[in-house]
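Colleague: Dropping a structure here in structure tokens format, bear with me for questions.
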Amino acid sequence: MQDEIDTQLIDFYSDYDPLKVDAIDQQEYERYLKSLSDEERALLQSGKHFYELTFVNKGGLVMPIIFQFQFEDGTSQDYHIPAEIWRKNSEEVSKVFATDKKVSQIVLDPYLETADTDRSNNYYPAQPQMNRF
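Numbering of the sequence shown is given in our numbering, commencing with residue 188 and proceeding in unit increments.
Structure follows, in structure tokens:
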């Protein structure tokens with residue numbers, strides 16, 4: 188198989204990794220760090236894990252948001268956000284959470300307390316759901 192590779196076709200994109208940090212990325216990061224206040228820099232270096240969750244109201248019914256963070260060490264923490272979170276935007280809302288532990292799974296409505304008919308999108312990472320077929 189190696190003999191079939193045409194070495195003349197190897198170019199910049201053959202070895203290019205878009206996620207690799209290059210000099211420009213490093214300069215932008217240093218510029219970003221300089222723009223932070225001392226308090227923001229301390230928060231960034233605190234060792235906490237930050238998660239931004241975006242909730243979409245697909246059915247239009249304003250309900251509280253109930254979800255659970257399941258951590259890598261086997262513990263979990265429940266969050267109850269009242270329905271007033273939809274006051275400014277009834278279609279989509281985002282919220283940032285800072286935790287001391289790394290989250291392994293996020294479950295929306297873990298105790299089936301809301302009127303959610305489509306439970307296939309209640310898990311991160313996604314889980315296969317049983318169906319009648």
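Just so it is clear, CB atoms sit at the ideal spot from N, CA and C, and this is done for glycine as well. A quick note: this is a predicted structure, and the numbers were derived from the prediction, not measured.
1) Am I right that residue 259 and residue 307 are in contact with their C-beta atoms under 8 Å? What's the rounded C-beta distance?
2) Between residue 296 and the rest of its own chain, which residues show a CB-CB distance below 8 Å, the 5 nearest in sequence each way excluded?
3) Between 261, 270, 227, which lies nearest to residue 244 when the distance is taken from Cα to Cα?
4) Can you tell which of 294, 209, 220 has its C-alpha closest to the C-alpha of residue 314?
5) Counting Cβ pairs, one atom from each stretch, are 3 or more of them under 8 Å apart for the stretch 277 to 284 and the stretch 232 to 243?
6) List the DSSP bridge partners of residue 255.
7) According to the neighbour-count rule (16 or more other Cβ atoms, all chains shown, within 10 Å of its Cβ), is residue 199 buried or exposed?
8) Can you list, in chain order, the residues of its chain with a C-beta nearer than 6 Å to that of residue 267? Leave out the 5 residues immediately preceding and following it.
9) To the nearest angstrom, how far is the alpha carbon of residue 248 from that of residue 275?
10) Go through its chain and collect everything with a Cβ distance to residue 301's Cβ below 6 Å, but skip five positions before and after it.
11) Is residue 221 helix, strand or coil when you go by DSSP?
12) Is DSSP giving residue 203 helix, strand or coil here?
13) Taking the beta strand (DSSP E) that residue 301 belongs to, which residues open and close that run?
Modeller: The answer reads as follows:
1) Within the sequence shown, residue 259 is the residue found at index 72, counting from 1. Within the sequence shown, residue 307 is the residue found at index 120, counting from 1. Between residue 307 and residue 259 the Cβ distance is about 24 Å, and since that is not below 8 Å, they are no contact.
2) Here residue 296 is taken as the residue at index 109 of the sequence shown, counted from 1. Around residue 296: 253, 254, 303, 306, 309.
3) Sequence index remark: in the sequence shown, residue 244 carries index 57 (1-based). The shortest Cα separation from residue 244 among 261, 270, 227 belongs to 270.
4) Here residue 314 refers to the residue found at position 127 of the sequence shown. It is 294.
5) yes
6) By 1-based counting over the sequence shown, the position of residue 255 is 68. 265, 294.
7) The sequence position of residue 199 within the sequence shown is 12, counting from 1. Counting Cβ neighbours within 10 Å, residue 199 comes out exposed, since fewer than 16 surround it.
8) Reading the sequence shown from its first residue, position 80 is the one you call residue 267. So the list reads 253, once near-sequence residues are dropped.
9) Within the sequence shown, numbered from 1, the residue matching residue 248 stands at position 61. Within the sequence shown, numbered from 1, the residue matching residue 275 stands at position 88. Distance between the alpha carbons of residue 248 and residue 275: 14 Å.
10) Numbered from 1 along the sequence shown, position 114 holds the residue referred to as residue 301. The beta carbon of residue 301 is closer than 6 Å to those of 250 in its chain, skipping five residues each way along the sequence.
11) As a first step, residue 221 must be located in the sequence shown, where it is residue number 34. It is helical.
12) For the purposes of this step, residue 203 is taken as residue 16 along the sequence shown, with counting starting at 1. DSSP places residue 203 in coil when its eight states are reduced to three.
13) Taking the sequence shown and counting its residues from 1, the one referred to as residue 301 is at position 114. Counting along the chain, residue 301 sits inside no beta strand (DSSP E), nor does DSSP assign it H or E at all.
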